[in-house]
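Q: Sending over a structure as structure tokens; questions will come in a sec.
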Amino acid sequence: MRIHRLFSTQRLMLLGGLAVAIANNAVLAAAQPITSSKTVSQVDRYSELTAGPTLEQRDLLAVTVAVSIPNNIASLGGALRWILRDSGYRLAADSVIPPEVHSMLKLPLPAAHRRLGLMPLKEVLALMVGPEFHIVQDPLHRLLSFERCNTVQNSSQAQGEL
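Counting with mature numbering (1 follows the signal peptide of the UniProt record, and there is no 0), you get residues -29 to -1, 1 to 133 for the letters of the sequence shown.
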């Protein structure tokens, strides 16, 4: 009889612990917001896929690229046009590009920039033009240009005064 009571007590403790665990899980589930804005599809037994565009599809300059520029391209401008060929973007027309950008685009392509490893397209463009210029983007028309950085202009003006 004493053994029977011991088992009954253990059973009650287990059931009581199970009830507390279930109650805790119910509180946690109620506290988590229901996200109905995302469509989730089960693609495998243990895998789900959230439907929607990727970062690269939303921001075309965020796509990861590996660059290998052919030897027949000699100028920086030619290399930039070649890199942008499949991106959906293109360089702005020569008539709207500032003179210092024209000069930069005519520079010879450094050998170190012919082959670049995996990185976002925006970083490749920034690396190619260097720290003296930053990217100016027209996402509506998918045009790119470059603009000389103010800090570089100020330092070159100060050197000219010396």
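All C-beta atoms, glycine included, are put in the ideal place defined by N, C-alpha and C.
My assumption, with CB atoms under 8 angstroms, is that L55 sits in contact with L62. Please give the rounded CB distance.
A: Translated into positions along the sequence shown, residue 55 becomes position 84. Translated into positions along the sequence shown, residue 62 becomes position 91. That belief holds up - the Cβ atoms of L55 and L62 are roughly 7 angstroms apart, short of 8 angstroms.
Q: When burial is assigned at 16 or more other CB atoms within 10 Å of the CB, is Y60 buried or exposed?
A: Here residue 60 refers to the residue found at position 89 when the sequence shown is read from its first residue. The residue in question, Y60, is buried, as its Cβ has 16 or more Cβ neighbours within 10 Å.
Q: Please classify V67: is it buried, with 16 or more other beta-carbons within 10 angstroms of its beta-carbon, or exposed?
A: Reading the sequence shown from its first residue, position 96 is the one you call residue 67. Exposed, by the Cβ-count rule.
Q: Does the region 68 to 83 touch the region 29 to 37, meaning 3 or more C-beta pairs lie closer than 8 angstroms?
A: With a cut-off of 8 angstroms, the region 68 to 83 and the region 29 to 37 do not count as touching, because too few Cβ pairs lie within range.
Q: Taking the alpha-carbon of W53 as reference, which of Q28, V95, H73 has the nearest alpha-carbon?
A: Your numbering for residue 53 matches position 82 in the sequence shown. That would be V95, whose Cα lies nearest to the Cα of W53.
Q: DSSP on P41, reduced to helix/strand/coil?
A: Working through the sequence shown from its first residue, we reach residue 41 at position 70. DSSP places P41 in coil when its eight states are reduced to three.
Q: Whose C-beta lies closer than 8 angstroms to the C-beta of T10 among residues of the same chain, with five residues either side of it excluded?
A: Here the question's residue 10 lines up with position 39 in the sequence shown. Correct list, in chain order: T21, A22, G23.
Q: Should S39 and L92 be called a contact, given that it needs their Cβ atoms to be closer than 7 angstroms?
A: Taking the first residue of the sequence shown as 1, we reach residue 39 at position 68. Taking the first residue of the sequence shown as 1, we reach residue 92 at position 121. Result no, Cβ atoms of S39 and L92 do not sit closer than 7 angstroms.
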